[in-house]
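Notes follow once the structure below has been shown.
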Amino acid sequence: MHSEPVTHIQTPTAADPAEVIKTGIATWRAFAFDLPLRIAAETMRFAGHRLQAQADHLAALAGCGSLKDAVELQTGFLTKGVADYQTEATTRSHDFTEAACAEAA
C-alpha cells in the first residue's frame with residue numbers, strides 16, 4: 007500500500023494560563039479601579055480650583071464700589087468659568103481616552 011506523508015498542522019499553543027489570568031486581572035483592575043479613581047481625582051482637583059475661583063470672586067464682589075463694577079466683574083467671572091469648563095472637558099476627554107486606550111493595549 008502506498009500512503010502519502012502526513013502533514014501535521016501546527017496550531018498555536020495557548021499562552022500560559024497563569025499569564026492569561028494575570029493579564030485579565032490587570033486589565034479588569036485598570037478599568038474597574040484605576041481609571042475611575044483617576045477620573046475622580048481630576049474631577050476633585052478641578053472642583054477645588056473652581057471653588058477657589060468662586061471664593062476669590064465673591065471677595066472681589068464685596069469690594070465693588072458700583073453696580074457697573076459688579077456687573078463687569080460678574081461678566082468676567084462667568085466668561086472665564088465657561089472657558090475653564092470647556093478647556094477642562096476637552097483636556098479630560100483626551101486624557102481619559104488615551105488612558106483607556108493605553109490600558110486596553
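Just so you know, the sequence shown maps onto residues 7 to 111 in my numbering.
C-beta atoms are modelled at their ideal positions from N, C-alpha and C, and glycine is treated no differently.
Model, not experiment: these values are computed from the prediction.
- Judged by DSSP secondary structure, residue 30 falls within the alpha helix (DSSP H) whose first and last residues are 23 to 35.
- For residue 54, the uninterrupted alpha helix (DSSP H) segment begins and ends at 41 to 68.
- Taking residue 100 as reference, the option from 48, 29, 58 with the minimal CA-CA separation is 48.
- Shown here, residue 99 sits in a helix according to DSSP, grouped into three states.
- When the five nearest sequence neighbours on each side are left out, the beta carbons in the same chain lying within less than 7 Å of the beta carbon of residue 76 are those of 67, 70, in order along the chain.
- With the rule of 3 Cβ pairs closer than 8 Å, the segment 19 to 36 does not count as touching the segment 81 to 94.
- Taking 8 Å as the cut-off, the beta carbon of residue 41 is found closer than this to the beta carbon of residue 105.
- Of the candidates 45, 21, 28, the residue whose Cα lies closest to the Cα of residue 97 is 45.
- Taking the Cβ atoms as the reference, residue 90 lies roughly 7 Å from residue 56, within the contact range of under 8 Å.
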